[in-house]
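*Asks:* There's a structure below that I have some questions on.
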Amino acid sequence: MMLADSLMRTWSAILMVAALAIAGECLIAAAMRRLGDLDIIRERSGLPGAIRAVLSSPLFLVGALCMALNFFAMLYTLSIVELSLAAPATASLTYVGNAAAAKLFLHENVDRRRWLAALFVAVGVVLLAR
Amino acid sequence: MTHRLKPSQYAILIAIMLTASVGDTLLSRGMAQVGAVDFHHLGLLWRALFNPYVASGIVLLIGFFASYMTALSWADLTFVMPATAFGYVVVALLSHFWLHEHLSVYRWAGIGMIVCAVGFVANGPSRTEQVPEQHHELDLMDSGAGR
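Here it is in structure tokens:
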């Protein structure tokens with residue numbers, strides 16, 4: 008029973024970290040897509056103009072908040088789970104989850120090539136951590 | 192459907208790979224010099240900012256964030272993602288050739304898989320062409336964010 012409890016705690020912390028990262032990255036990607044090519048914005052209104060454009064996007068601000076929460080969730084996770092499990096587990100879940108979320112919410116054309124890439128990255132990250 | 196990236200856009204993707212990995216390495220090197228920070232000695236964090244490794248790590252990570260957002264403004268998230276993962280490969284290779292750390296067979300296999308992933312994606316288009324009515328879901332996200 009104790010073992011089941013700690014397994015449950017470990018994996019819900021890891022899932023929480025991954026979910027916040029996925030939400031943050033998708034929101035930031037959506038914000039950037041809305042803004043359009045940052046290189047062109049910078050040419051037109053300079054670096055301060057580009058920074059202002061990014062910071063005034065509500066999608067970006069919510070995404071950045073998710074990334075900040077992700078950072079603190081990771082700190083919490085590292086206090087209950089070893090780094091050698093937490094780092095590869097959250098990274099690979101984030102990569103696969105990002106591919107699914109990009110297809111669902113951003114309507115990206117996630118074809119077989121991109122699914123394979125996400126899976127290879129997820130497995131590769133786990134192998135690199137060994 | 193084939194993509195055409197400008198040389199400056201390739202430079203941004205390479206900057207993403209290098210800044211994230213080298214920045215993280217510099218940060219961890221600097222923090223190893225500063226020592227462990229706990230809640231009773233938060234002042235150490237302020238001192239850490241003046242450590243040259245930590246300071247240059249932070250500069251590189253700011254550069255990473257700027258290049259990452261620039262890339263997302265003209266490419267899909269699923270296109271940029273393997274490029275960020277390639278940073279892990281750069282760290283592993285740096286630790287092997289620069290710090291002379293031993294790389295196990297597993298790590299070499301992991302490096303190989305991430306390199307393949309980059310190859311799969313780099314062959315395809317960098318951006319999904321959107322038809323106007325597909326923005327529906329984004330509008331939903333937008334209205335949720337604006338509340």
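Taken in sequence, the protein lines are chains A and B. So the first sequence is numbered by the working numbering: it starts at 8 and just counts up by one. So the second sequence is numbered by the working numbering: it starts at 192 and just counts up by one. No residue lacks a Cβ here, since even glycine has one placed at the ideal position from N, Cα and C. As the structure is a computational prediction, the values presented were derived from the model and not from experiment.
Quick one: Cα of Ser317 (chain B) to Cα of Ala266 (chain B), how far?
*Replies:* C-alpha separation (whole angstroms): 5 Å.
*Asks:* Assign Arg298 (chain B) to one of two classes, buried (16 or more other C-beta atoms within 10 Å of its C-beta) or exposed (fewer than that).
*Replies:* Buried, since its Cβ has 16 or more Cβ neighbours within 10 Å.
*Asks:* Tell me, please, whether the CB atom of Phe127 (chain A) is closer than 7 Å to any CB atom in chain B?
*Replies:* Answer yes: the Cβ-Cβ gap between Phe127 (chain A) and chain B drops below 7 Å somewhere.
*Asks:* For Leu356 (chain B), count neighbouring Cβ atoms within 10 angstroms of its own Cβ and tell me buried if that reaches 16, exposed if not.
*Replies:* Residue 356 (chain B) lies beyond the range of chain B shown here (192 to 338); nothing can be said about it.
*Asks:* Tell me which residues share the same chain as Thr261 (chain B) and place their Cβ nearer than 8 Å to its Cβ, disregarding the 5 neighbours each side in the sequence.
*Replies:* Around Thr261 (chain B): Ile203.
*Asks:* Within the same chain, show all residues whose beta-carbon is closer than 7 Å to that of Ala308 (chain B), passing over the 5 residues directly before and after it, in chain order.
*Replies:* Excluding positions up to five away in sequence, the list reads Pro273, Ala276.
*Asks:* If we count the other Cβ atoms within 10 Å of its Cβ and call it buried at 16 or more, is Gly248 (chain B) buried or exposed?
*Replies:* Flag for Gly248 (chain B) reads buried.
*Asks:* Would you mind stating whether Leu268 (chain B) and Ala36 (chain A) have Cβ atoms separated by less than 7 Å?
*Replies:* Contact flag set, yes.
*Asks:* Look up Leu13 (chain A) in the DSSP assignment and say whether it is helix, strand or coil.
*Replies:* Reading the sequence as shown, one finds Ser at residue 13 (chain A) and not Leu. Helix at Ser13 (chain A).
*Asks:* Can you pull out the residues from the segment 68-100 of chain A whose beta carbon lies closer than 7 Å to at least one beta carbon of chain B?
*Replies:* Going along the segment 68-100 of chain A in chain order, one finds Val69 with a Cβ nearer than 7 Å to chain B.
*Asks:* Against chain A, which members of the segment 252-272 of chain B pass a CB distance test of less than 7 Å?
*Replies:* Within the segment 252-272 of chain B, the residues whose Cβ lies closer than 7 Å to some Cβ of chain A are Met260, Thr261, Leu263, Ser264, Trp265, Asp267, Leu268, Thr269, Met272, listed in chain order.
*Asks:* Thinking just about the alpha-carbon of each residue, which of A:Leu123, A:Met74, A:Thr97 is nearest to the one in Ala106 (chain A)?
*Replies:* Ranking A:Leu123, A:Met74, A:Thr97 by Cα distance to Ala106 (chain A) puts A:Leu123 first.
*Asks:* Which whole-angstrom value is the C-beta distance of Leu251 (chain B) and Leu217 (chain B), which I expect to be below 8 Å?
*Replies:* Leu251 (chain B) to Leu217 (chain B), Cβ: 7 Å. Contact.
*Asks:* Between the Cα of Leu76 (chain A) and those of A:Phe112, A:Ala20, A:Ala96, spot the shortest distance and give me the residue it belongs to.
*Replies:* Minimum Cα distance to Leu76 (chain A) is reached at A:Ala20.
*Asks:* Using CA atoms only, rank isn't needed, just tell me which of B:Ser264, B:His287, B:Glu292 is closest to Arg41 (chain A).
*Replies:* Among B:Ser264, B:His287, B:Glu292, the Cα nearest to that of Arg41 (chain A) belongs to B:Ser264.
*Asks:* How far does the alpha helix (DSSP H) with Trp265 (chain B) in it reach, from first residue to last?
*Replies:* It spans 243-265 - the alpha helix (DSSP H) in which Trp265 (chain B) sits, taken as one unbroken run.
*Asks:* Would you kindly check if the distance between the Cβ of Ala57 (chain A) and the Cβ of Ile47 (chain A) is under 7 Å?
*Replies:* No. Outside cutoff.
*Asks:* Judging by CA-CA distance, which residue of A:Val24, A:Arg137, A:Leu135 is the nearest neighbour of Cys73 (chain A)?
*Replies:* Cα-wise, what sits closest to Cys73 (chain A) is A:Val24.
*Asks:* Just reading off the alpha helix (DSSP H) that His287 (chain B) is part of, what are its end residues?
*Replies:* First-last of the alpha helix (DSSP H) with His287 (chain B): 268-288.
*Asks:* Classify Thr193 (chain B) as buried or exposed, calling it buried when 16 or more other Cβ atoms lie within 10 Å of its own Cβ.
*Replies:* With a pLDDT of 49 at Thr193 (chain B), under the threshold of 50, the predicted position of this residue should be treated as unreliable, though the coordinate-derived value follows. It counts as exposed.
*Asks:* How about Leu66 (chain A) and Ala38 (chain A): are their beta carbons less than 7 Å apart?
*Replies:* Taking 7 Å as the Cβ cut-off, Leu66 (chain A) and Ala38 (chain A) qualify as a contacting pair.
*Asks:* Terminal residues of the continuous alpha helix (DSSP H) containing Asn314 (chain B)?
*Replies:* Note, Asn314 (chain B): premise wrong, no alpha helix (DSSP H); not H, not E.
*Asks:* Give the interface partners of Phe288 (chain B) over in chain A, defined as CB-CB distance under 7 Å, in chain order.
*Replies:* By Cβ distance, chain A contributes nothing, its closest Cβ being about 16 Å from Phe288 (chain B), past 7 Å.
*Asks:* According to a CB-to-CB cut-off of less than 9 Å, which residues of the segment 25-45 of chain A neighbour chain B?
*Replies:* Hits within the stretch, in order: Glu32, Cys33, Leu34, Ile35, Ala36, Ala37, Ala38, Met39, Arg40, Arg41, Leu42, Gly43, Asp44, Leu45.
*Asks:* Please report the distance separating the alpha-carbon of Glu50 (chain A) from that of Val312 (chain B).
*Replies:* Taking the straight line from one Cα to the other gives about 29 Å.
*Asks:* What distance in whole Å lies between the Cβ atoms of Gly301 (chain B) and Val132 (chain A), which are believed to be in contact at a cut-off of 8 Å?
*Replies:* Rounded, the Cβ-Cβ distance is 7 Å, consistent with contact.
*Asks:* Of all Cβ atoms in chain B, is any one closer than 7 Å to the Cβ of Val103 (chain A)?
*Replies:* False, the Cβ-Cβ gap to chain B never drops below 7 Å.
*Asks:* Looking at the C-beta of Glu115 (chain A), does it have a partner C-beta in chain B at a distance below 7 Å?
*Replies:* By this cut-off, Glu115 (chain A) is an interface position.
*Asks:* For Val312 (chain B) and chain A, any beta-carbon pair shorter than 7 Å?
*Replies:* Taking Cβ atoms only, chain A reaches closer than 7 Å to Val312 (chain B), which makes this a yes.
*Asks:* Please classify Ile4 (chain A): is it buried, with 16 or more other beta-carbons within 10 angstroms of its beta-carbon, or exposed?
*Replies:* With chain A covering only 8 through 137, there is no way to say anything about residue 4 (chain A).
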